[in-house]
Each structure stands twice: as structure tokens, then as C-alpha cells.
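Asker: Just so you know, the sequence shown maps onto residues 5 to 235 in the numbering used here. Ideal Cβ positions, reconstructed from N, Cα and C, are used throughout, including at glycine.
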Amino acid sequence: MSTTMTVLNPCIFFVQTEEGFAQKASLDLTEAGYHPMIIPDLQEASAEVEKFRPSMLVIDRTLAGDAGLTLCQQLRKTETQIFIIMLIPKETVEERVACLESGADDYLVKPYHPEAFLRLVRFYLQPTITVKEQLRFRELVLDLTTRRLFLNDKAIDLTMKEFELLKYMMSHPREVLTRDQILENVWGYDFQGESNVIEVYIRYLRLKMESEGQKRLIHTVRGVGYVLKES
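1) Given this structure, state the Cα-to-Cα distance separating Ser59 from Gly37, to the nearest angstrom.
2) Return yes when the Cβ of Leu91 is within less than 7 Å of the Cβ of Arg123, no when it is not.
3) Near Val228, which residues of its chain fall below 7 Å by C-beta distance, leaving aside the five closest residues on each side in sequence?
4) Which word fits Thr21, buried or exposed, when buried means at least 16 other C-beta atoms lie within 10 angstroms of its C-beta?
5) Out of Glu23, Glu52, Met174 and Glu105, which one is the CA nearest neighbour of Glu242?
6) So what does DSSP say about Lys158, is it helix, strand or coil?
7) Grab the span of the beta strand (DSSP E) containing Val113 for me, first residue to last.
8) Going straight from the alpha carbon of Thr134 to that of Leu148, what length do you get?
9) Secondary structure at Arg236, three-state DSSP: helix, strand or coil?
10) Enumerate in chain order the residues of its own chain whose CB-to-CB distance from His117 is below 7 Å, with the five nearest sequence positions on each side excluded.
11) So, with DSSP's three-state summary, where would you put Pro58?
12) What span of residues does the beta strand (DSSP E) with Val228 cover, start to end?
13) Below 7 Å between beta carbons: does that hold for Leu209 and Leu155?
14) Which partner residues of His176 appear in the DSSP bridge assignment?
15) For Tyr172 and Val190, I'd like the C-alpha separation in whole angstroms.
16) Which residue marks the beginning of the beta strand (DSSP E) containing Asp147, and which one marks its end?
17) Let me check one thing: in DSSP terms, what residues is Ile92 bridge-paired to?
18) Are there 16 or more other CB atoms within 10 angstroms of the CB of Ala120, so buried, or fewer, so exposed?
19) Looking only at DSSP bridge pairs, what is Leu153 linked to?
20) If distances are taken between C-alpha atoms only, which option among Cys15, Lys28, Leu31 and Thr84 comes closest to Glu52?
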């Protein structure tokens with residue numbers, strides 16, 4: 005006898021994550037109004053995704069070799085509307101690149117930190133609001149409702165940090181922003197990651213914004229920081 009389940013709240017899968025992480029995060033998600041499900045076997049993940057249509061997947065990058073990255077790549081071929089978050093052990097350039105190139109929307113550094121995790125979930129799954137707010141600079145339009153960038157009317161998807169970084173820069177156009185200002189306003193005062201994290205995300209933004217030969221709008225000010233301005 006088969007059973008079906010109707011889920012009103014956003015459903016979030018934990019795919020082969022560490023049991024302790026999944027249990028703690030599941031409790032917090034339930035209290036926040038989400039519907040978490042733990043999928044212990046990577047082999048079952050694709051079938052379960054097709055059956056329940058979750059809003060988000062949380063996949064552990066460190067388990068089963070590169071199986072998590074492979075699953076992400078496979079899902080991205082058919083599932084473009086599901087958000088995928090990868091858990092990584094350390095915030096290194098190699099880990100970030102591997103996750104994002106596999107098709108993940110974002111990543112989260114272990115161990116489990118409730119505030120950081122829930123902030124990431126809410127960022128991607130927050131309900132759509134009716135009032136549209138936008139930031140504009142030249143041909144750039146940053147939609148604060150959908151968190152998408154429009155460049156010459158072409159939609160560009162951004163990760164959470166890409167969005168926050170570009171939002172900060174578009175809120176201060178033509179103003180030279182120091183690295184310390186960017187770290188404090190985008191990553192927070194307690195940031196303890198790599199010193200080159202800003203450079204990495206500037207590179208990500210430039211790749212997306214200049215993919216079709218558009219003029220550079222984010223410029224490096226040597227020894228100081230960055231500025232959003234016309235060429």
C-alpha cells in the first residue's frame with residue numbers, strides 16, 4: 005500500500021549528512037516552520053526528490069568522497085528550481101569553487117551554527133513579498149525581492165554572498181569601499197575566514213556580469229579596495 009504526503013511548509017532534505025548535524029538542524033527548522041526530512045542514502049536521493057519535490061537540499065561535501073558533488077551535478081541537469089546547499093569542512097577557495105561549479109547555490113561551513121544555517125535557509129526560501137524594491141546602476145538592476153540581478157534585461161542568479169556584496173556596492177555607487185568596510189558590512193565583524201575572500205567573490209561577480217563582453221563595472225583600487233563605477 006503506497007502513501008502520499010502533502011507538505012504545506014517548505015520541505016528541506018538532508019542528504020547523507022552527519023546525524024548530529026541533521027538532528028539539530030531539523031529541530032531548528034521545525035520550530036521555524038519548515039518541514040525537514042533526513043535522507044541517509046545518496047542512492048535514494050534522486051527518487052526521493054522526484055517524489056516529494058523539496059524546496060532545498062542540504063548535502064554534505066565531506067561524506068562518500070565526491071558523491072555529493074556528483075549528485076548535485078546530476079540534479080542540476082533536471083532540477084533547476086531546487087536550492088542546493090553544500091556543507092564543507094573549511095572555507096577554502098578550492099572548496100568554494102568545487103561546490104559552486106557543481107551547481108550548488110551556496111555552501112555552509114561546519115560545524116553546525118543555528119543562526120548562520122537559518123539565515124541561509126531564510127535567504128533562499130523566504131516568501132515572496134508583493135512590494136518590489138530595486139537598486140539600479142547603469143544597466144544593472146538588482147531586485148531585492150527575488151535577489152536576482154538583471155543586466156540588460158537578462159536575469160542572473162546570485163548566491164547569498166554575491167547578492168549581499170553587490171547590494172552593498174550598488175548602495176554606494178562610485179564610492180571607493182575599503183576591504184575592511186566590505187568585510188564588516190557583508191561578512192560581519194566576527195568574520196574569521198580567508199583574507200582573500202573578497203577577491204574570490206569579486207571574481208565570481210565579474211565572471212557573471214562580463215560573460216557576454218559587457219564593460220567592467222567593478223574596479224579594483226590597488227591597496228585600498230573596490231569601486232562600482234563606469235569604465
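Answerer: Checking against the coordinates, here is how it stands:
1) Here residue 59 refers to the residue found at position 55 of the sequence shown. Here residue 37 refers to the residue found at position 33 of the sequence shown. Looking at the two C-alpha atoms, the distance is approximately 13 Å.
2) As a working note, residue 123 is residue 119 in the sequence shown. As a working note, residue 91 is residue 87 in the sequence shown. No, these two residues do not count as a Cβ contact at 7 Å.
3) Reading the sequence shown from its first residue, position 224 is the one you call residue 228. Excluding sequence neighbours, Val228 sits near Val180 and Thr182.
4) As a first step, residue 21 is located in the sequence shown; it is residue number 17 there, counting from the start. Buried.
5) Nothing about residue 242 can be read from this structure; the chain reaches only from 5 to 235.
6) Here the question's residue 158 lines up with position 154 in the sequence shown. Correct three-state label for Lys158: strand.
7) Counting from 1 along the sequence shown, the entry for residue 113 is found at position 109. Residues Asp110 to Val113.
8) Taking the sequence shown and counting its residues from 1, the one referred to as residue 134 is at position 130. Taking the sequence shown and counting its residues from 1, the one referred to as residue 148 is at position 144. Any reading at Thr134 must be qualified, since the residue scores a pLDDT of 47, below 50, and its modelled position is unreliable; the value itself is stated next. Taking the straight line from one Cα to the other gives about 11 Å.
9) With the chain covering only 5 through 235, there is no way to say anything about residue 236.
10) Walking along the sequence shown from the start, residue 117 turns up at place 113. Excluding residues within five positions, none has a Cβ falling inside 7 Å.
11) Counting from one through the sequence shown, the residue named residue 58 turns up at place 54. Here Pro58 sits in coil by DSSP.
12) Within the sequence shown, the letter at position 224 stands for residue 228. No beta strand (DSSP E) holds Val228; DSSP gives it neither H nor E.
13) Numbered from 1 along the sequence shown, position 205 holds the residue referred to as residue 209. Numbered from 1 along the sequence shown, position 151 holds the residue referred to as residue 155. No, Cβ-Cβ distance for Leu209 and Leu155 is not below 7 Å.
14) Residue mapping note: residue 176 aligns to position 172 of the sequence shown, counting from 1. Bridge partners of His176: none, in fact.
15) As a first step, residue 172 is located in the sequence shown; it is residue number 168 there, counting from the start. As a first step, residue 190 is located in the sequence shown; it is residue number 186 there, counting from the start. In a straight line, the C-alpha of Tyr172 is about 7 Å away from that of Val190.
16) Indexing the sequence shown from 1 puts residue 147 at position 143. Element bounds for Asp147: Leu144 to Asp147.
17) In the sequence shown, counting from the first residue as 1, residue 92 sits at position 88. According to DSSP, Ile92 bridges with Val113.
18) What you label residue 120 is simply residue 116 of the sequence shown in a count that begins at 1. When all chains shown are included, Ala120 counts as exposed.
19) For the purposes of this step, residue 153 is taken as residue 149 along the sequence shown, with counting starting at 1. The partner list for Leu153 (beta bridge, DSSP) reads Leu146 and Ile160.
20) Residue 52 sits at position 48 when you count from the first residue of the sequence shown. Measuring from the Cα of Glu52, the nearest candidate turns out to be Cys15.
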